[in-house]
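Taking it in order: structure first as structure tokens, then the write-up.
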Amino acid sequence: MKSINKLLVAITLLLSVTFANAQSKNNVTETVKINGNCGMCKKTIETAAAKNKTAIVNWNANTKTATVIYNPKKTSLDQILKSVADAGYDNEKFSAPDAVYEQLHGCCQYDREQKTESGK
Ligand SMILES: [Cu+2]
Numbered sequence: 413m414k415s416i417n418k419l420l421v422a423i424t425l426l427l428s429v430t431f432a433n434a435q436s437k438n439n440v441t442e443t444v445k446i447n448g449n450c451g452m453c454k455k456t457i458e459t460a461a462a463k464n465k466t467a468i469v470n471w472n473a474n475t476k477t478a479t480v481i482y483n484p485k486k487t488s489l490d491q492i493l494k495s496v497a498d499a500g501y502d503n504e505k506f507s508a509p510d511a512v513y514e515q516l517h518g519c520c521q522y523d524r525e526q527k528t529e530s531g532k
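Quick note: the sequence shown uses the working numbering, first residue 413, plus one each step.
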């Protein structure tokens, strides 16, 4: 059993090294939909998303989309978007808890389009 584990670790390491070499940089860039209204939202969203300093997020109030740059070895898009939802902002993967949404500043209470199950 132990030797199988070691083999798996070795294979995983080998694959990740190969993967890292295949890319000049580890960072990936994705565009995601995040609800919000104004500049204050932008600050909250970007701060929440970059909480663990593993992502750079640039949210656009006009398009309601954010460009997310992150290193998939250190974090995941799910983790980043979960932080954004926890800060009160619905996004394409997670819905904000109602209680947090209600705590947002009046001008920041964006129209919730389709409310999906929280914690989805
Ligand atoms: Cu706002």
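We put the CB at the ideal spot given by N, CA and C, even for glycine.
Check, Outcome
"Using a Cβ-Cβ cutoff of less than 8 Å, which residues in the same chain neighbour A462 once the five nearest sequence positions on both sides are dropped?", "I468, V469"
"Taking the C-alpha atoms as reference points, what is the distance between L420 and I492?", "28 Å"
"Can you list the alpha helix (DSSP H) stretches of 4 or more residues lying completely in the region 441-465, in chain order?", "451-461"
"What's the C-alpha gap between G448 and N483?", "25 Å"
"Return yes when the C-beta of G448 is under 7 Å from any heavy atom of ligand 2, and no when it is not.", "With respect to small molecules bound, the structure shown includes ligand 1 and not ligand 2."
"Can you tell me whether S415 is buried or exposed? The criterion is at least 16 other CB atoms within 10 Å of its CB, across all chains shown.", "exposed"
"Could you give the DSSP three-state label for N472: helix, strand or coil?", "strand"
"Mind checking D510: buried by the 16 CB within 10 Å criterion, or exposed?", "exposed"
"If you run the structure through DSSP and keep just helix, strand and coil, what is N483?", "coil"
"Classify A478 as helix, strand or coil using the three-state DSSP reduction.", "strand"
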